[in-house]
Amino acid sequence: MCVVCGCSEGSITTHEHVNVHEHADLRYGESPARVSVPGMSQERAIQIEQSVLGANSRYAAQNRARFRAHGVLALNFVSSPGSGKTTLLVETLRHLRERLPSIGLAVIEGDQQTSLDADRIRATGVPAIQINTGKGCHLDARMVGETFDRLPLHDTGGMLFIENVGNLVCPALWDLGEAAKVAVLSVTEGDDKPLKYPDMFAAASLMILNKIDLLPYVRFDAERAIAYARRINPRIGVLQLSATTHAGLDNWLGWLEHELAHVQGQPHEHHGEHGCRHGHDHGGELEALRARVSELEAQLAARG
């Protein structure tokens, strides 16, 4: 995780009868802190993670309470670079403005540099604020909370789309106070991504398989990708769509309407196949983060 990024020498896990010099796998992530940092002990890495994530969770809890109080459905979009998040958001906003003209919409854009994506969002007429993180590889709850103060949604309610910095590692543990993480996986990526980046898909409530119009031209097994995601997270919802051709877009818009109705306490039907999370705690990610902190505390205590 990205509280303390880096690589260093660590323990090596090998299998019997394997030539260590040629075929041994390096398992830096199997240490107690699940990260290896040059010059830092595992105990110190755990202490830093506890401190930083604990502070973030308090900001996230405040954000979540504010979003609920103002009738705002906040969604945290996460993916690899190039998955089509911004294009999907642009098309989503355009259709929502026609479909639900009275609903407030706003976007928080996260990137290391530039306002290119925010400019694309603003061209739809929807307010967007760019957060540049510099060397940071994710948004945090404090950034989102301070940005929310500058958006009109705290007066009108509606949908807040948070486009996180593009990667499938660092944002996984960082709760922003959102109702759900939405993991966007493009069919131009490998169908084994859920297994390679399990923390992200474990944290996500919904996986969108994007760019399905390209399936005839790429080696991507959609059923395998879905099976892998559900191996990691049996409760994850799945939608398949193309932001370019709009195939499957109605299902996505319906999911959004359904989630907003739940947040605002309106009557609505349940559609389990599309990732309905109702009946579950919308603060589940915060509980998962707390469980992770407790796990780290136990590991630290066990090591004396």
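In the working numbering, the protein residues as written are 18 to 321. Beta carbons are placed, not taken as given, at the ideal position from N, Cα and C, and that holds for glycine. Everything numeric in this text was worked out from a predicted model, so none of it was measured.
Reduced DSSP category for residue i - H, G, I as helix; E, B as strand; rest coil
i, result
"F218", "helix"
"I253", "coil"
"N80", "helix"
"G271", "helix"
"A260", "coil"
"V182", "coil"
"D192", "coil"
"V235", "coil"
"A72", "helix"
"A91", "strand"
"S58", "coil"
Residue i, enclosing beta strand (DSSP E) - first and last residue
i, result
"V201", "A197 to S203"
"L212", "Note, L212: premise wrong, no beta strand (DSSP E); alpha helix (DSSP H) at K210 to K213."
"I229", "Careful: I229 lies outside any beta strand (DSSP E) and carries neither H nor E."
Nearest residue (CA-CA) to residue i, options the options
i, options, result
"Y76", "D157, A244 and R167", "D157"
"L276", "F178, R247 and A239", "Looking at the sequence provided, one finds Glu at residue 276 rather than Leu. Nearest of F178, R247 and A239 to E276, Cα basis: F178."
"E4", "D128, L190, H112 and L70", "Lying outside 18 to 321, the shown extent of the chain, residue 4 is not represented and no answer is given."
"Q147", "H155, G162, V124 and P169", "V124"
"K198", "F94, R248, D42 and L122", "F94"
"A219", "Y245, G194 and R241", "Y245"
"L258", "D238, L226, L232 and V280", "L226"
"K228", "A196, A200, P215 and A264", "A264"
"W272", "P144, R61 and L113", "L113"
"I120", "S97, G56 and V89", "V89"
"G175", "E274, S96 and W269", "E274"
"I253", "A200, S97 and N268", "A200"
"L10", "V204, P144 and R83", "The structure shown has nothing for residue 10, since the chain only spans 18 to 321."
"N250", "L256, R241, P215 and L231", "P215"
"T173", "P144, G153, L190 and D238", "P144"
"L105", "V255, E60 and S203", "S203"
"A221", "Q79, D238 and V255", "V255"
Local Cβ density within 10 Å of residue i, reported as buried at 16 or more and exposed below that
i, result
"T131", "exposed"
"V35", "Low confidence applies to V35: its pLDDT is 41, below 50, so where it sits in the model is not reliable, and the reading given next is rough at best. When all chains shown are included, V35 counts as exposed."
"E206", "buried"
"V235", "exposed"
"A135", "buried"
"D208", "buried"
"P188", "buried"
"T262", "exposed"
"G142", "exposed"
"G99", "exposed"
"P118", "exposed"
"E108", "buried"
"A91", "buried"
"R81", "buried"
"K102", "buried"
"P211", "buried"
"M224", "buried"
"Q133", "Looking at the sequence shown, residue 133 is not Gln but Leu. Exposed is the call here."
"G282", "exposed"
"S58", "exposed"
"A196", "buried"
Opening and closing residue of the alpha helix (DSSP H) in which residue i lies
i, result
"G120", "According to the sequence as given, residue 120 is Ile; it is not Gly. Unbroken run through I120: none, as it is neither H nor E."
Chain D contact for residue i (CB, 8 Å cutoff)
i, result
"A72", "In the structure shown, chain D does not exist; there is a single protein chain."
Length at least 4, wholly inside the region 94-169: the alpha helix (DSSP H) runs in chain order: As far as the region 94-169 is concerned, its whole alpha helix (DSSP H) runs of at least 4 residues are 102-116, 133-139 and 158-165.
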